[in-house]
Amino acid sequence: MTNPPESRRPRDMARVDTTDEWELRYWARELGLSTRELEQAVREVGDSVEALRRRRPEQRPNRDEGRP
């Protein structure tokens, strides 16, 4: 029997595995980013969750950009 989806956790809570679609969506949701934004952030600072959490706000994309 498998665990319910809400109880599932990444195998390595310290790293983002961008090759695993489920894990990419998990960390994107956890960090408040789209999957595309997360992939870009990983290219910039690496796959360390700690580094991604420390990423300065000015490095994060502005989601309101281009909206009236």
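Per our numbering, residue 90 is the first one in the sequence shown, and the count goes up by one each step.
For every residue, glycine included, the Cβ atom is placed at its ideal position computed from N, Cα and C.
Reduced DSSP secondary structure (H/G/I, E/B, other) of residue i
i      : result
ARG142 : helix
ARG132 : helix
SER222 : In this structure the chain extends from 90 to 157, so residue 222 is not present and cannot be described.
Whole-angstrom C-beta distance between residue j and residue i, which should lie under 8 Å
i      : j      : result
ARG144 : ALA130 : 6 Å
Straight-line gap, residue i to residue j (C-alpha atoms, nearest Å)
i      : j      : result
SER137 : THR108 : 14 Å
GLU110 : TRP116 : 10 Å
ARG38  : LEU113 : Past the boundaries of the shown model lies residue 38; the chain is included only from 90 to 157, so the question cannot be answered.
Terminal residues of the alpha helix (DSSP H) in which residue i lies
i      : result
LEU120 : 110-120
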